[in-house]
Amino acid sequence: MTSIFLRSLIFNVLFYLVLVALCVIALPALLLPRGALMALEAAWANISLFLMRVICNIRIEFRGIEKIPSGPLIVASKHQSFWETFALVRFFEHPLFILKRELMMIPVFGWYLKKVGMISVERGGGPRSLIKTLKRAAAEVKLGRQLVIFPEGTRRAPGAPPDYKTGFAQIYSSCGVPCLPVALNSGLFWPRRTFMRYPGTLVVEFLEPLPPGLPRDEFMTRLRDQIETATTRIVEAGRAEQAKLFGVVPNAAKG
740 MTSIFLRSLI FNVLFYLVLV ALCVIALPAL LLPRGALMAL EAAWANISLF LMRVICNIRI
800 EFRGIEKIPS GPLIVASKHQ SFWETFALVR FFEHPLFILK RELMMIPVFG WYLKKVGMIS
860 VERGGGPRSL IKTLKRAAAE VKLGRQLVIF PEGTRRAPGA PPDYKTGFAQ IYSSCGVPCL
920 PVALNSGLFW PRRTFMRYPG TLVVEFLEPL PPGLPRDEFM TRLRDQIETA TTRIVEAGRA
980 EQAKLFGVVP NAAKG
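The end of the sequence shown is residue 994 by the numbering used here, with every number in the run present.
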């Protein structure tokens, strides 16, 4: 575990140094169209995946890429780690996130978020603030963007009981576009609330898209069943791989 600690430390230092360097390099891009900044974000994601592989021995496997529809879309992903907040956007032409308002207030970094049109939400803002956010998200999707959203609202440790928020169905109903479910096991390798990065095969699986226009209850049931069934399968495979590598699954990787 000492080796994993040192590798994790080195990775995290480089990860944030790359982010800071790209933020500085990209300052002129604030004057350019949104696509220029999205290209830099994709570069950050690609560099980070490379560092994960060479430093932490974390291999990344993306499955079902051919299932990703073109055009406006809702992407509903399992959320176990910070990792998916930057790694998934490389697959979409005009990705959109709903973020905490505090992130928009970070100097330089917040400027980029505003430039690429991310939507901020004020926690504790009440129903009126939430409705306003949902309406804006739906409007952006109708303009051709891909909304990447986490239906459980916050990170959940691998194996934790699912907690899907019903408000997500309102966005789906309002947008009238397909919904792409995404399963993953990132929490085993990039756990929440720790800087440790554990070796193994991080899997992301894009599942069968759900068509627009489904009744809300049917939509939520099908979405939850697809994501949870696939997530359970790939988490179990990841834990089996870690058990071979370490003898046991690392405690921190359990959540």
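Positions of the beta carbon are idealized from the N, C-alpha and C atoms, including for glycine.
Fair warning: this is a prediction, and the values are worked out from it, not measured in the lab.
Count the C-beta pairs between the region 829-840 and the region 777-796 that are closer than 8 Å, then say yes if the count reaches three, no if not.
Flag = yes, the region 829-840 and the region 777-796 touch.
Could you tell me the alpha carbon to alpha carbon distance between Ser809 and Met935, rounded to whole angstroms?
Translated into positions along the sequence shown, residue 809 becomes position 70. Translated into positions along the sequence shown, residue 935 becomes position 196. Taking the straight line from one Cα to the other gives about 36 Å.
Rounded to whole angstroms, how far is the Cβ of Phe789 from the Cβ of Val943, which I believe are closer than 8 Å?
Numbered from its first residue, the sequence shown carries residue 789 at position 50. Numbered from its first residue, the sequence shown carries residue 943 at position 204. So it is not a contact: roughly 16 Å between Cβ atoms.
Which ranges would you report for the alpha helix (DSSP H) in the region 832-920 if only whole runs of at least 4 residues count?
As far as the region 832-920 is concerned, its whole alpha helix (DSSP H) runs of at least 4 residues are 840-843, 848-854, 865-881 and 906-914.
Rounded to whole angstroms, what's the CA-CA distance from Arg875 to Ser868? Just pull it up for me.
As a working mapping, residue 875 is identified with position 136 in the sequence shown. As a working mapping, residue 868 is identified with position 129 in the sequence shown. Cα-Cα distance, rounded: 11 Å.
Using 8 Å as the cut-off, can you tell me whether the region 962-977 makes contact with the region 944-953, which would need three or more C-beta pairs spanning the two stretches below that distance?
Output reads yes: the region 944-953 touches the region 962-977.
Starting from Ala815, trace the beta strand (DSSP E) in both directions and tell me its first and last residue.
In the sequence shown, residue 815 corresponds to position 76, counting from 1. Run containing Ala815: Leu812 to Ser816, per the beta strand (DSSP E) assignment.
Applying the 10 Å Cβ sphere with the 16-neighbour rule, what's the burial state of Gly974?
Taking the first residue of the sequence shown as 1, we reach residue 974 at position 235. In the sequence on display, residue 974 carries Val and not Gly. Flag for Val974 reads buried.
Does DSSP put Arg802 in a helix, a strand or coil?
Against the sequence shown, residue 802 aligns to sequence position 63. If DSSP states are grouped into helix, strand and coil, Arg802 belongs with the strands.
As an exercise, report each continuous beta strand (DSSP E) stretch of at least 3 residues that is fully enclosed by the region 753-810, in chain order.
You should have 797-802.
Taking C-alpha atoms, which residue in Thr940, Pro834 and Met857 lies nearest to Met844?
On the sequence shown, residue 844 is found 105 positions in, with the first residue counted as 1. The shortest Cα separation from Met844 among Thr940, Pro834 and Met857 belongs to Met857.
Alpha carbons only, please: which of Phe750, Pro767, Gly898 and Cys914 is nearest the one belonging to Ile794?
Start at 1 with the first residue of the sequence shown, and residue 794 comes out as number 55. Checked all of Phe750, Pro767, Gly898 and Cys914; the closest Cα to Ile794 is Phe750.
So what's Gly986 in DSSP terms, helix, strand or just coil?
Taking the sequence shown and counting its residues from 1, the one referred to as residue 986 is at position 247. In this structure, Gly986 counts as coil in the three-state DSSP scheme.
What separation, rounded to the nearest whole angstrom, lies between the Cα atoms of Ala969 and Ala976?
Within the sequence shown, the letter at position 230 stands for residue 969. Within the sequence shown, the letter at position 237 stands for residue 976. Their Cα atoms are separated by approximately 11 Å.
Using three-state DSSP, classify Phe821 as helix, strand or coil.
For the purposes of this step, residue 821 is taken as the residue at position 82 of the sequence shown. Correct three-state label for Phe821: coil.
I think Pro834 touches Val887, with their Cβ atoms under 8 Å apart; what is that distance to the nearest whole Å?
Within the sequence shown, numbered from 1, the residue matching residue 834 stands at position 95. Within the sequence shown, numbered from 1, the residue matching residue 887 stands at position 148. Right, their Cβ atoms sit about 5 Å apart.
Roughly how many whole angstroms lie between the Cα atoms of Asp956 and Ile870?
The count along the sequence shown starts at 1 and reaches residue 956 at position 217. The count along the sequence shown starts at 1 and reaches residue 870 at position 131. Distance between the alpha carbons of Asp956 and Ile870: 20 Å.
Would you kindly work out how many angstroms separate the C-alpha atoms of Leu745 and Tyr937, rounded to a whole number?
Against the sequence shown, residue 745 aligns to sequence position 6. Against the sequence shown, residue 937 aligns to sequence position 198. Approximately 11 Å, taken between the alpha carbons.
Look up Thr970 in the DSSP assignment and say whether it is helix, strand or coil.
Within the sequence shown, residue 970 is the residue found at index 231, counting from 1. Helix at Thr970.
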